[in-house]
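Colleague:
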Amino acid sequence: MKIDIDRLSEEELIDLNNRVVERLRFIRQAHAHRAMLQFRIGEVVAFEPDGRGRIEGVITRYNKKSVTVLTPDGQQWRVSPGYLRKVEPASGEAAGNVVQLPKR
């Protein structure tokens, strides 16, 4: 379907723009949701923010377009699931639903 934008009025162009932006937001949200489904709450993951080294933590919550990751030192990060990598338990570690939280 081709749209000749040269023939549209300013009002029609604004409406078209709003519809395009909303559709793009929906598509991005669907991609993020699909990526989120690869991870489970309580799962240990890692990511590398700009200017910092690798950070590991536990997924504690799903957000609209991101997940919340809690690090062993108590920091919370909101991370897009596209930046996360699963961390395999080291040999000898129990792989279960137990999450160690930092002591205060």
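Oh and the sequence shown: position 55 is 160 in my numbering, straight run, nothing missing. For every residue, glycine included, the Cβ atom is placed at its ideal position computed from N, Cα and C. Here the structure is a predicted model, which means the values were calculated and not measured.
#1: Counting C-beta neighbours from all protein chains within 10 Å, is the total for residue 131 16 or more, i.e. buried, or is it exposed?
#2: Starting from residue 74, follow the beta strand (DSSP E) in both directions and report where the run begins and ends.
#3: Is it the case that the Cβ atoms of residue 158 and residue 150 are separated by a distance below 8 Å?
#4: In the DSSP assignment, find the beta strand (DSSP E) that holds residue 112 and state where it starts and stops.
#5: Using C-beta distances below 8 Å, list every residue in its chain close to residue 181, excluding the 5 sequence neighbours before and after it, in chain order.
#6: Assuming contact is defined by CB atoms lying nearer than 8 Å, are residue 143 and residue 169 in contact in what I supplied?
#7: Given that a residue counts as buried once 16 or more other Cβ atoms are within 10 Å of its Cβ, and exposed if not, what is residue 212?
Modeller: With the given structure in hand:
#1: If you number the sequence shown from 1, residue 131 lands on position 26. Exposed, since its Cβ has fewer than 16 Cβ neighbours within 10 Å.
#2: An answer regarding residue 74 cannot be provided, because it is not within the stretch 106 to 209 covered by the chain.
#3: In the sequence shown, residue 158 corresponds to position 53, counting from 1. In the sequence shown, residue 150 corresponds to position 45, counting from 1. Contact flag unset, no.
#4: Counting from one through the sequence shown, the residue named residue 112 turns up at place 7. No beta strand (DSSP E) holds residue 112; DSSP gives it neither H nor E.
#5: By 1-based counting over the sequence shown, the position of residue 181 is 76. Contacts found: 165, 173, 174, 175.
#6: Locating residue 143 in the sequence shown gives position 38, where the first residue counts as 1. Locating residue 169 in the sequence shown gives position 64, where the first residue counts as 1. Going by C-beta atoms, residue 143 is not nearer than 8 Å to residue 169.
#7: Residue coverage of the chain in this structure runs from 106 to 209, which leaves residue 212 outside it and unanswerable.
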